[in-house]
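S.K.: Here it is, the structure, as structure tokens.
Numbering (the UniProt record's numbering), first residue to last: 1 to 467.
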């Protein structure tokens with residue numbers, strides 16, 4: 001057996017910094033948009049690009065980022081991604097115009113997608129099976145901390161106006177974090193890579209990027225712009241591009257070349273398609289943050305800061321959930337993922353009921369339940385997927401899981417958000433907003449219930465061995 005790395009827990013602290021920054025920088029910007037618009041005199045559409053261009057670049061590059069770690073070494077690619085993220089953050093922080101800011105956000109998204117999969121792939125490579133649940137629990141807690149803490153931290157930084165930087169501080173705060181994390185990664189994180197030393201599949205990368213782009217751009221921009229013809233055309237083109245990409249990958253593998261997504265790795269992992277679908281459905285909870293914020297402000301009349309603080313019970317649950325999951329896995333084994341999702345569904349149903357009955361004072365209870373369920377389910381679903389794939393494809397698996405989560409979030413925001421805003425358009429009455437929020441909770445609950453059913457059907461080698 002390969003010797004267990006004695007520095008793995010110290011390395012995990014560095015890897016989790018790479019896990020924290022990408023989602024944190026997605027959520028932290030939401031509360032700064034009014035300040036950005038005012039300072040740079042930007043229109044609403046241009047300001048919205050500051051959010052959407054990051055999400056698009058991140059989703060499009062994730063699978064490539066995971067594959068680069070397999071080919072060239074996960075620590076090396078992790079450090080390169082971190083350095084790129086730091087430089088892009090500095091560009092955003094000192095941007096003199098919206099054009100430069102949007103360019104910086106594009107580079108941030110690409111760098112984040114190169115950096116983030118290496119964290120999950122390295123956890124898979126560095127930790128023995130009996131420690132993976134604990135390590136992945138901390139990985140899941142980091143996601144929870146980023147999603148809730150980003151909104152609170154963004155509000156605090158803008159309000160504090162440190163050194164007169166205002167909104168720029170939300171980007172510049174990344175620079176000292178990365179300045180500490182990069183040398184720590186070089187010292188503490190052991191280099192790991194896959195057995196394949198081939199070259200980057202440039203045609204496959206371009207085709208996959210175009211296919212994902214054709215899917216993600218309409219989902220993010222279509223609803224905001226009233227679903228113009230080009231958004232529907234892109235959605236129709238996406239499956240065609242992805243089908244051509246898959247045929248190209250099969251041909252490259254037959255010819256002995258290195259494909260971006262090796263078909264043999266997928267065919268050797270029965271159940272991976274179901275696992276990725278479960279991950280995408282699980283992250284329908286992303287739509288909850290959007291609808292809950294609108295419900296708090298337009299439905300209950302709370303201010304922006306109060307709305308941000310109202311979601312804290314969910315964040316607390318997401319931080320506590322992984323610790324509970326480590327204990328539960330000893331009793332439930334592979335069923336722990338479905339158990340966590342069941343808690344989420346119960347919390348969403350309770351939130352819908354309390355909103356409909358006009359009892360918002362009790363909402364912290366179901367919010368805590370939703371957070372606990374997500375904190376338990378997310379690490380379990382991630383491990384179920386990664387364990388289905390051979391260790392040499394850990395980077396690919398990390399990229400696929402991360403991409404599934406990101407696409408699931410985009411789909412949920414587009415579809416569930418679309419239903420919500422059709423029931424509660426701009427200027428809607430408080431009761432209409434409340435009804436829309438209740439319906440959105442029910443739709444998210446249905447999606448997560450479907451994910452729970454799929455998770456029960458997954459069988460990973462490590463899951464079978466669990467007590």
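Here a beta-carbon is modelled for each residue, glycine too, at the ideal position from N, C-alpha and C.
What span of residues does the alpha helix (DSSP H) with residue 192 cover, start to end?
M.R.: No alpha helix (DSSP H) contains residue 192, which DSSP labels as neither H nor E.
S.K.: If I follow the unbroken alpha helix (DSSP H) through residue 26, where does it start and stop?
M.R.: From DSSP, the alpha helix (DSSP H) with residue 26 extends over 8-27.
S.K.: Since residue 380 contacts residue 325 with CB under 8 Å, what's their CB separation in whole angstroms?
M.R.: Indeed they touch by this definition, with Cβ atoms about 6 Å apart.
S.K.: Please name the residue in 79, 25, 211 whose C-alpha comes closest to that of residue 61.
M.R.: Residue 61 has its Cα closest to that of 211, out of 79, 25, 211.
S.K.: Under 8 Å by Cβ, that's how I've got residue 69 and residue 400 pegged, so tell me the actual separation to the nearest angstrom.
M.R.: Not quite, the Cβ-Cβ distance comes to about 13 Å (not below 8 Å), so this is no contact.
S.K.: Give the secondary structure of residue 124 by DSSP, where H, G and I count as helix, E and B as strand, and everything else as coil.
M.R.: Looking at residue 124 - three-state DSSP - the assignment turns out to be helix.
S.K.: Do you know how far the Cα of residue 218 is from the Cα of residue 86?
M.R.: Cα to Cα, the separation comes out at about 29 Å.
S.K.: Quick one, are the C-beta atoms of residue 436 and residue 423 less than 9 Å apart?
M.R.: Taking 9 Å as the Cβ cut-off, residue 436 and residue 423 qualify as a contacting pair.
S.K.: Roughly how many angstroms lie between the CA atoms of residue 459 and residue 157, to the nearest whole one?
M.R.: Because the pLDDT of residue 459 is 49, which lies under 50, any placement of that residue in the model is unreliable, and the question is left without a value.
S.K.: Work out the CA separation of residue 94 and residue 394 for me, nearest whole Å.
M.R.: If I take the Cα positions, the gap works out to 37 Å.
S.K.: Using C-beta distances below 8 Å, list every residue in its chain close to residue 345, excluding the 5 sequence neighbours before and after it, in chain order.
M.R.: Counting only Cβ-Cβ distances below 8 Å, and skipping sequence neighbours, we find 373, 445, 448, 449, 452.
S.K.: Roughly how many angstroms lie between the CA atoms of residue 98 and residue 40, to the nearest whole one?
M.R.: Using only the alpha carbons, I get a separation of about 6 Å.
S.K.: Which first and last residues belong to the alpha helix (DSSP H) in which residue 257 is found?
M.R.: Segment: none, residue 257 is in no alpha helix (DSSP H) and carries neither H nor E.
S.K.: Figure out for me which residue from 340, 269, 376 has the closest Cα to the Cα of residue 322.
M.R.: Here the closest residue by C-alpha is 376.
S.K.: Let's see if you can read the secondary structure: which residues bound the alpha helix (DSSP H) around residue 317?
M.R.: Unbroken alpha helix (DSSP H) run through residue 317: 312-332.
S.K.: Residue 65 by DSSP, collapsed to three states: which one?
M.R.: In this structure, residue 65 counts as helix in the three-state DSSP scheme.
S.K.: For residue 132 and residue 302, I'd like the C-alpha separation in whole angstroms.
M.R.: Approximately 41 Å, taken between the alpha carbons.
S.K.: Given a threshold of 16 other Cβ atoms within 10 Å of its Cβ, counted over all protein chains shown, does residue 383 qualify as buried or as exposed?
M.R.: Residue 383 comes out buried.
S.K.: Please list, in chain order, all residues of the same chain as residue 443 whose beta carbon is under 6 Å from its beta carbon, the five residues on each side excluded.
M.R.: Answer for residue 443: 416, listed in chain order.
S.K.: Is residue 130 helix, strand or coil when you go by DSSP?
M.R.: Helix.
S.K.: So for residue 428, helix, strand or coil by DSSP?
M.R.: Note: residue 428 maps to coil in three-state DSSP.
S.K.: According to DSSP, simplified to helix, strand and coil, what is residue 402?
M.R.: Helix, per DSSP.
S.K.: Out of curiosity, what's the CA-to-CA distance linking residue 327 and residue 168?
M.R.: Roughly 42 Å separates the two Cα atoms.
S.K.: Along the chain, where does the alpha helix (DSSP H) containing residue 291 start, and where does it finish?
M.R.: Per DSSP, residue 291 belongs to the alpha helix (DSSP H) from 286-294.
S.K.: Would you check if the distance between the CB atom of residue 80 and the CB atom of residue 114 is smaller than 9 Å?
M.R.: The answer is yes: Cβ separation under 9 Å.
S.K.: Give me the residue from 413, 184, 360, 91 with the minimum Cα distance to residue 172.
M.R.: The shortest Cα separation from residue 172 among 413, 184, 360, 91 belongs to 91.
S.K.: Hey, residue 192 and residue 260: beta-carbon distance below 9 Å or not?
M.R.: Their beta carbons are not under 9 Å apart, which means residue 192 does not touch residue 260 by this criterion.
S.K.: Pick from 143, 126, 368: whose alpha carbon is nearest that of residue 25?
M.R.: Closest option to residue 25, Cα to Cα, is 143.
S.K.: Check each candidate in 295, 59, 396 and name the one with the smallest Cα separation from residue 72.
M.R.: Of 295, 59, 396, the residue nearest in Cα terms is 396.
S.K.: Does any residue of chain B bring its CB to less than 9 Å from the CB of residue 80?
M.R.: Protein chains in the displayed structure number just one, and chain B is not present.
S.K.: Taking C-beta to C-beta, are residue 410 and residue 59 nearer than 9 Å?
M.R.: Result yes, Cβ atoms of residue 410 and residue 59 sit closer than 9 Å.
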